[in-house]
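Take my numbering: the last position of the sequence shown gets the number 395, and nothing is skipped along the way.
Backbone N, C-alpha and C fix where the C-beta goes; we use that ideal spot for every residue, glycine too.
A quick note: this is a predicted structure, and the numbers were derived from the prediction, not measured.
In what follows, a structure is listed as structure tokens, so that the remarks can point back to it.
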Amino acid sequence: MSYHVNEKGYYGEFGGAYIPEMLYPNVAELREQYLSVMLQPDFQSEFRALLRDYVGRPTPLYFAKRLSEKYNTKIYLKREDLCHTGAHKVNNTIGQILMAQRLGKTRIIAETGAGQHGVATATVCALMGLQCIVYMGEIDIERQAPNVARMKMLGAEVRPAKSGSRTLKDATNEAIRDWINNPVDTHYIIGSVVGPHPYPDMVARFQSVISEEIKYQLLETEGRDIPDYVIACVGGGSNAAGAFYHFLDDERVHLIAVEAAGKGIDTGESAATSVLGKTGIIHGSKTLLMQTPDGQITEPYSISAGLDYPGVGPMHAHLFRSRRAEFISITDDQAMQWGLELSKTEGIIPAIESAHAFAVLDEKKFKPTDVVVINLSGRGDKDLNTYIKYFNF
């Protein structure tokens with residue numbers, strides 16, 4: 003069994019392109035051209051040069067000595083928090099802005115939850131001199147004020163989504179409406195492995211630089227190019243898709259996806275899609291989705307703005323359903339404690355999203371010889387207010 007997308011845009015039973023007719027030309031244009039554009043030597047050389055000189059790749063694979071001693075196993079951190087803009091999101095926006103240019107698009111739209119993808123999109127639009135509009139839920143605008151300021155400094159227009167739960171789902175709805183109304187000159191940079199085909203595959207390919215680097219970095223430090231475990235947090239799931247990508251079909255590597263249990267799986271305030279979700283359609287793809295018995299989308303909740311998405315990307319839905327990946331749900335309290343723990347143990351303040359992944363160290367037992375790679379997807383600057391409130395600093 004392959005865990006990559008098939009030629010029809012599906013991962014097992016999940017994926018596809020369930021879109022309004024008016025969006026069909028945009029999505030079809032992208033689907034027909036994305037692979038040939040990505041494989042062009044001039045695209046690859048420009049993409050790689052920007053990742054190196056602008057983003058600061060390769061990011062280090064850091065051996066966490068004190069954590070490793072505490073848990074009696076070998077723990078490596080993939081330092082995506084050291085990317086320009088503070089998270090892995092920029093890997094994808096660099097790729098997509100180059101794609102948009104080659105497709106002749108002059109106006110860029112995006113959605114954002116935590117604001118990291120919005121900042122990464124605004125950054126590459128400033129870099130390339132393109133108009134940028136970012137849709138963001140009204141609630142997220144309040145709780146992620148520093149990122150809103152960054153986007154505005156970078157020249158982007160931030161448009162609030164005032165409907166529904168006023169978070170990521172609603173921002174995505176607004177962005178899709180915009181795209182329908184502006185089909186000719188606009189490219190929609192989706193920030194995660196969600197949306198209609200080819201987005202989940204295209205975003206995963208741009209993010210796969212993470213696992214590509216893990217392979218050769220492990221070869222240097224451990225003398226082998228595969229870890230025993232790769233652990234990453236999952237909202238829509240782009241950082242996990244990138245960290246898993248080159249290991250998907252190698253069953254020797256255990257993949258662990260970490261979701262936000264919020265205040266607890268059964269509290270009604272959670273974003274644990276693998277436990278609570280059923281097959282449904284959201285934002286153009288068939289996937290696992292938290293929904294009511296009559297098919298209405300359930301409002302997700304997480305203390306982390308980047309994980310409160312009611313679904314999960316179709317690749318991850320397939321990894322869960324096929325049992326290729328193990329899904330673990332972590333509560334707000336566990337994640338917040340781990341944000342503090344990592345700060346005090348390794349001198350690294352993680353994004354709250356990333357802190358969820360570290361809580362797996364308390365949930366699973368690893369052998370002393372295991373090589374465990376945790377994808378540290380973003381840094382905690384954007385979450386300082388949440389940390390301050392939670393711990394009463």
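message: I'd like the list of long-range same chain contacts for V277, defined as Cβ closer than 7 angstroms, with 5 residues on each side in sequence excluded.
response: As a first step, residue 277 is located in the sequence shown; it is residue number 275 there, counting from the start. If we look at V277 and ignore the five residues flanking it on each side, its Cβ neighbours are I267 and S331.
- prompt: Can you tell which of M292, V195 and Q336 has the C-alpha that lies nearest to the C-alpha of H90?
  reply: Mapped onto the sequence shown, residue 90 falls at position 88. The residue with the shortest Cα to Cα distance from H90 is V195.
message: I'd like the ranges of any alpha helix (DSSP H) spanning at least 4 consecutive residues and lying wholly in the stretch 281-358.
response: 316-323 and 334-348
- request: Out of P62, L170 and L79, state which residue places its alpha-carbon closest to the alpha-carbon of L428.
  value: It is not possible to answer for residue 428, since the shown part of the chain is limited to 3 through 395.
message: Relative to the C-alpha of K154, which candidate in Y137, L321, I216 and S165 has its C-alpha closest?
response: By one-based count along the sequence shown, residue 154 stands at place 152. Looking at the Cα atoms, Y137 is the closest of the given residues.
Residue range of the alpha helix (DSSP H) that includes P148: Numbered from 1 along the sequence shown, position 146 holds the residue referred to as residue 148. P148 -> alpha helix (DSSP H) spans A147 to M155.
field: Counted within 10 angstroms of its Cβ, other Cβ atoms place S4 as buried (16 or more) or exposed
entry: Mapped onto the sequence shown, residue 4 falls at position 2. S4 should be labelled exposed.
field: Rounded C-alpha distance that separates T281 from A274
entry: Looking up residue 281 in the sequence shown gives position 279. Looking up residue 274 in the sequence shown gives position 272. Distance between the alpha carbons of T281 and A274: 14 angstroms.
message: I need the DSSP call for L63, collapsed to helix, strand or coil.
response: Locating residue 63 in the sequence shown gives position 61, where the first residue counts as 1. Here L63 sits in strand by DSSP.
CA-to-CA distance, E176 to E144, given in whole angstroms: On the sequence shown, position 142 is the one that residue 144 refers to. On the sequence shown, position 174 is the one that residue 176 refers to. So the two alpha carbons sit approximately 18 angstroms from each other.
Backbone secondary structure at L250 - three-state DSSP: Walking along the sequence shown from the start, residue 250 turns up at place 248. Here L250 sits in coil by DSSP.
task: Between the Cα of R366 and those of G264, A116, Y190 and A259, spot the shortest distance and give me the residue it belongs to.
output: Numbered from its first residue, the sequence shown carries residue 366 at position 364. Looking at the sequence provided, one finds Lys at residue 366 rather than Arg. Nearest of G264, A116, Y190 and A259 to K366, Cα basis: A259.
query: When the distance is taken between beta carbons, is N94 closer than 8 angstroms to F208?
result: Position 206 of the sequence shown, counted from the first residue, corresponds to residue 208. Position 92 of the sequence shown, counted from the first residue, corresponds to residue 94. Closer than 8 angstroms, so yes.
field: Straight-line gap, L170 to P302 (C-alpha atoms, nearest Å)
entry: Here the question's residue 170 lines up with position 168 in the sequence shown. Here the question's residue 302 lines up with position 300 in the sequence shown. The straight-line gap from Cα to Cα measures roughly 10 angstroms.
task: Could you tell me which of D180, E82, Y20 and L105 sits nearest to A163, measuring between CA atoms?
output: Here residue 163 refers to the residue found at position 161 of the sequence shown. Nearest option by C-alpha distance: D180.
field: With 16 other Cβ atoms within 10 Å as the buried cut-off, status of G225
entry: The count along the sequence shown starts at 1 and reaches residue 225 at position 223. Looking at its Cβ environment, which holds fewer than 16 other Cβ atoms inside 10 Å, G225 is exposed.
- request: Would you identify the three-state DSSP class for E178, choosing helix, strand or coil?
  value: For this step, residue 178 is matched to residue 176 along the sequence shown. Here residue 178 turns out to be Ile, not Glu, going by the sequence shown. Helix.
query: I think R109 touches L132, with their Cβ atoms under 8 angstroms apart; what is that distance to the nearest whole Å?
result: Position 107 of the sequence shown holds residue 109. Position 130 of the sequence shown holds residue 132. Separation of the CB atoms of R109 and L132 is rounded to 7 angstroms, and the pair is thereby assigned contact status at 8 angstroms.
- request: On a CA-only basis, which of V373, R326, K10 and L41 is nearest Y247? Give me that one, please.
  value: In the sequence shown, residue 247 corresponds to position 245, counting from 1. Relative to Y247, the option among V373, R326, K10 and L41 whose CA is nearest is R326.
- prompt: Run through DSSP, which three-state label would K10 get?
  reply: Within the sequence shown, the letter at position 8 stands for residue 10. Note: K10 maps to coil in three-state DSSP.
query: Residue range of the beta strand (DSSP E) that N184 falls in?
result: Sequence index remark: in the sequence shown, residue 184 carries index 182 (1-based). No beta strand (DSSP E) contains N184, which DSSP labels as neither H nor E.
Distance between A319 and P200 (C-alpha atoms, nearest Å): To locate residue 200, count along the sequence shown from 1; it is residue 198. To locate residue 319, count along the sequence shown from 1; it is residue 317. Those two C-alpha atoms are separated by around 16 angstroms.
- prompt: Touch check for the stretch 184-193 and the stretch 146-153: three-plus C-beta pairs under 8 angstroms?
  reply: No, they do not touch.
query: Got a sec, what are the start and stop residues for the alpha helix (DSSP H) H119 sits in?
result: In the sequence shown, the residue the question calls residue 119 occupies position 117. Unbroken alpha helix (DSSP H) run through H119: Q118 to M130.
- request: Could you tell me if P370 is buried or exposed, where buried requires 16 or more neighbouring beta carbons within 10 angstroms of its beta carbon?
  value: By one-based count along the sequence shown, residue 370 stands at place 368. Exposed.
- request: May I ask which residues mark the beginning and end of the alpha helix (DSSP H) holding M138?
  value: Taking the sequence shown and counting its residues from 1, the one referred to as residue 138 is at position 136. Taken as a continuous stretch (DSSP letters only), M138 belongs to no alpha helix (DSSP H), being part of the beta strand (DSSP E) at Q133 to G139.
Residues near M24 by beta carbon distance below 8 angstroms, same chain, minus five either side: Counted from its first residue, the sequence shown places residue 24 at position 22. Cβ within range, chain order: I182 and P185.
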